[in-house]
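Asker:
In the numbering used here, the protein residues as written are 34 to 387.
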């Protein structure tokens with residue numbers, strides 16, 4: 034070891050953020066293992082001079098009355114030849130640095146430095162991406178293996194599992210893609226980043242990116258309900274009476290919402306106005322269907338909604354999708370009836386009373 038090596042350690046400290054003392058201590062620990070492996074000493078200490086880079090190895094032996102293991106113990110008489118102040122139970126250090134240990138030391142030190150640099154880089158990447166959990170990132174599709182899509186995020190490769198992929202969506206190699214970071218795990222091979230294209234959080238983050246009023250806090254996203262790849266609903270609200278939250282999200286000529294629809298490959302998005310009044314909120318949530326009246330049971334959190342006869346299928350939606358999403362969005366059970374069905378029920382109630 035020499036001054037050049039110590040300077041390299043200092044350069045690594047500045048570039049990689051690894052404390053030089055920590056790195057040198059790790060090298061010393063590795064050199065102890067290397068010495069034991071190559072020279073069989075059971076108890077040694079390695080010291081690297083922080084100024085010159087010189088390495089010395091010391092055998093540590095306990096002072097005993099009777100020596101049974103010469104490698105680990107030393108007699109009191111022999112110890113006192115080194116220093117007359119030694120007593121039974123003390124530990125004597127004797128330099129045992131061998132001439133050919135320098136080559137082993139250099140190789141071992143290099144391995145430790147490389148390993149610690151990798152660990153530090155992995156930790157830096159982990160710290161960077163763990164702070165991005167529940168956020169959107171843009172990456173490039175690299176490849177597909179066993180159904181998993183691997184996405185290059187620049188410093189690291191992330192995984193889009195089959196369960197987090199939109200059904201029917203094509204993932205083409207080299208194509209840029211936005212995805213939601215669900216989880217960042219620390220593994221022995223570095224951080225593992227799990228992505229999602231189906232998470233409701235993706236829709237929320239995309240609106241935050243596209244709509245300045247949401248980013249600035251003027252418009253607030255109250256709730257999101259999503260059936261990825263098919264249809265979504267998002268409820269928005271503004272404390273500022275002069276700001277139309279729905280209009281802000283739609284954007285001029287529908288440009289803002291269209292950009293999100295394009296990113297989600299044609300997923301339909303209903304933007305509805307949130308209301309503290311559950312009746313109004315339930316009616317808005319069933320958009321684009323028109324609602325005649327709403328009766329709410331706040332204890333049971335049930336909204337009985339009446340729509341025009343010709344709007345019933347629209348309110349329910351294909352395979353009940355519109356009603357299902359409206360229920361998810363509001364957190365209420367929504368019972369939808371047409372006007373004629375509602376009138377029939379009222380007539381039945383009157384007949385029962387008579």
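Backbone N, C-alpha and C define an ideal beta-carbon position, used for all residues, glycine too.
Going by CA-CA distance only, name the one from 192, 316, 125 and 48 that's closest to residue 370.
Answerer: To locate residue 370, count along the chain shown from 1; it is residue 337. Among 192, 316, 125 and 48, the Cα nearest to that of residue 370 belongs to 316.
Asker: Take residue 130 and list the residues in its own chain whose beta-carbon comes closer than 6 Å to its own, dropping the five residues that flank it on each side.
Answerer: The sequence position of residue 130 within the chain shown is 97, counting from 1. Once the five neighbours on either side are set aside, the close Cβ partners of residue 130 are 89 and 90.
Asker: Would you mind stating whether residue 226 and residue 162 have Cβ atoms separated by less than 8 Å?
Answerer: Position 193 of the chain shown, counted from the first residue, corresponds to residue 226. Position 129 of the chain shown, counted from the first residue, corresponds to residue 162. Yes.
Asker: Just curious, the beta strand (DSSP E) that residue 183 is in, first and last residue?
Answerer: Mapped onto the chain shown, residue 183 falls at position 150. Counting along the chain, the beta strand (DSSP E) containing residue 183 begins and ends at 181 to 185.
Asker: If you draw a straight line from the alpha carbon of residue 153 to that of residue 361, how long is it in whole angstroms?
Answerer: Residue numbering aside, residue 153 sits at position 120 when the chain shown is read from its first letter. Residue numbering aside, residue 361 sits at position 328 when the chain shown is read from its first letter. In a straight line, the C-alpha of residue 153 is about 44 Å away from that of residue 361.
Asker: Could you tell me the alpha carbon to alpha carbon distance between residue 200 and residue 231, rounded to whole angstroms?
Answerer: In the chain shown, residue 200 corresponds to position 167, counting from 1. In the chain shown, residue 231 corresponds to position 198, counting from 1. So the alpha carbons of these two residues sit roughly 9 Å apart.
Asker: Using three-state DSSP, classify residue 386 as helix, strand or coil.
Answerer: Here residue 386 refers to the residue found at position 353 of the chain shown. With a pLDDT of 43 at residue 386, under the threshold of 50, the predicted position of this residue should be treated as unreliable, and no value is reported.
Asker: Count the other CB atoms, across all protein chains shown, that sit within 10 Å of the CB of residue 73; report buried if there are 16 or more and exposed otherwise.
Answerer: Within the chain shown, residue 73 is the residue found at index 40, counting from 1. Its Cβ having fewer than 16 others within 10 Å, residue 73 is exposed.
Asker: On the three-pair Cβ rule with 8 Å, is the segment 78 to 86 touching the segment 52 to 66?
Answerer: In short, these stretches touch, since the Cβ pair count reaches three.
Asker: Would DSSP call residue 87 helix, strand or coil?
Answerer: Here residue 87 is taken as the residue at index 54 of the chain shown, counted from 1. In this structure, residue 87 counts as coil in the three-state DSSP scheme.
Asker: Mind checking whether residue 290 and residue 284 have CB atoms under 8 Å apart?
Answerer: As a first step, residue 290 is located in the chain shown; it is residue number 257 there, counting from the start. As a first step, residue 284 is located in the chain shown; it is residue number 251 there, counting from the start. It is a contact, given that the beta carbons lie within the stated cut-off.
Asker: Just to confirm the assignment: which complete beta strand (DSSP E) runs, minimum length 3, are found wholly within the segment 345 to 383?
Answerer: The qualifying runs are 366 to 371.
Asker: What number of angstroms, rounded off, separates the C-alpha of residue 204 from the C-alpha of residue 132?
Answerer: On the chain shown, position 171 is the one that residue 204 refers to. On the chain shown, position 99 is the one that residue 132 refers to. The alpha-carbon atoms of residue 204 and residue 132 are separated by roughly 60 Å.
Asker: Among the residues of its own chain, which have a CB less than 8 Å from the CB of residue 46, if the five just before and after it don't count?
Answerer: Taking the first residue of the chain shown as position 1, residue 46 is located at position 13. The answer, listed in chain order, is 52, 53 and 56.
Asker: Does the distance from the C-beta atom of residue 214 to that of residue 166 stay below 8 Å?
Answerer: Looking up residue 214 in the chain shown gives position 181. Looking up residue 166 in the chain shown gives position 133. Closer than 8 Å, so yes.
Asker: How would you write the range of the alpha helix (DSSP H) that residue 151 sits in, first residue to last?
Answerer: Walking along the chain shown from the start, residue 151 turns up at place 118. Note, residue 151: alpha helix (DSSP H), 134 to 163.
Asker: Taking only runs of the alpha helix (DSSP H) that begin and end inside the segment 36 to 121, which ones reach a length of at least 4 residues, in chain order?
Answerer: Those alpha helix (DSSP H) runs which fall completely within the segment 36 to 121 and span 4+ residues are 36 to 49, 53 to 72 and 109 to 115.
Asker: Decide if residue 273 is buried, meaning its Cβ has at least 16 other Cβ atoms within 10 Å, or exposed.
Answerer: Here the question's residue 273 lines up with position 240 in the chain shown. Answer is exposed; the Cβ neighbour count stays below 16.
Asker: Just to confirm before moving on: does the CB-CB distance between residue 246 and residue 276 stay below 8 Å?
Answerer: Counted from its first residue, the chain shown places residue 246 at position 213. Counted from its first residue, the chain shown places residue 276 at position 243. Contact: yes.
Asker: What number of angstroms, rounded off, separates the C-alpha of residue 48 from the C-alpha of residue 149?
Answerer: Looking up residue 48 in the chain shown gives position 15. Looking up residue 149 in the chain shown gives position 116. Straight-line Cα distance between these residues: approximately 13 Å.
Asker: May I have the straight-line CA-CA distance separating residue 368 from residue 337, to the nearest angstrom?
Answerer: Walking along the chain shown from the start, residue 368 turns up at place 335. Walking along the chain shown from the start, residue 337 turns up at place 304. Distance between the alpha carbons of residue 368 and residue 337: 5 Å.
Asker: From the DSSP output, which residues share a beta bridge with residue 229?
Answerer: Within the chain shown, numbered from 1, the residue matching residue 229 stands at position 196. Its beta-bridge partners are 213.
Asker: State the DSSP-derived secondary structure class of residue 168, mapped to helix, strand or coil.
Answerer: Sequence index remark: in the chain shown, residue 168 carries index 135 (1-based). In the structure shown, residue 168 sits in coil (DSSP, three-state: anything other than H, G, I, E or B).
Asker: Looking only at C-alpha atoms, which of 249, 243, 294 and 236 sits nearest to residue 268?
Answerer: If you number the chain shown from 1, residue 268 lands on position 235. Selected option, being the one with the closest Cα: 236.
Asker: Do you know whose CA, among 76, 75, 100 and 139, lies nearest residue 39's CA?
Answerer: The residue labelled residue 39 in the question sits at position 6 within the chain shown. Out of 76, 75, 100 and 139, 139 has the C-alpha closest to the C-alpha of residue 39.
Asker: Compare the C-alpha of residue 121 against each of 100, 105, 265 and 96 and name the closest.
Answerer: Taking the first residue of the chain shown as 1, we reach residue 121 at position 88. Considering only alpha carbons, the answer is 96.
Asker: Could you compute how far the alpha carbon of residue 195 sits from the alpha carbon of residue 180?
Answerer: As a working mapping, residue 195 is identified with position 162 in the chain shown. As a working mapping, residue 180 is identified with position 147 in the chain shown. Those two C-alpha atoms are separated by around 6 Å.
Asker: Tell me the residue span of the beta strand (DSSP E) that contains residue 200.
Answerer: Sequence index remark: in the chain shown, residue 200 carries index 167 (1-based). First-last for residue 200: undefined, no H or E at that position.
Asker: Measure the Cβ-Cβ separation of residue 323 and residue 305 and say whether it is below 8 Å.
Answerer: Taking the first residue of the chain shown as 1, we reach residue 323 at position 290. Taking the first residue of the chain shown as 1, we reach residue 305 at position 272. No, they are not a contact pair.
Asker: Buried or exposed for residue 355, please, with buried defined as at least 16 other CB atoms from any protein chain shown within 10 angstroms of its CB.
Answerer: Within the chain shown, the letter at position 322 stands for residue 355. Flag for residue 355 reads buried.
Asker: For residue 42, which residues of its own chain have a beta-carbon under 8 Å away from its beta-carbon, when the five flanking residues on both sides are left out?
Answerer: Residue numbering aside, residue 42 sits at position 9 when the chain shown is read from its first letter. Here the set comprises 53, 56, 57 and 146.
Asker: If you draw a straight line from the alpha carbon of residue 107 to that of residue 151, how long is it in whole angstroms?
Answerer: Here residue 107 corresponds to residue number 74 of the chain shown, with the count starting at 1. Here residue 151 corresponds to residue number 118 of the chain shown, with the count starting at 1. If I take the Cα positions, the gap works out to 42 Å.
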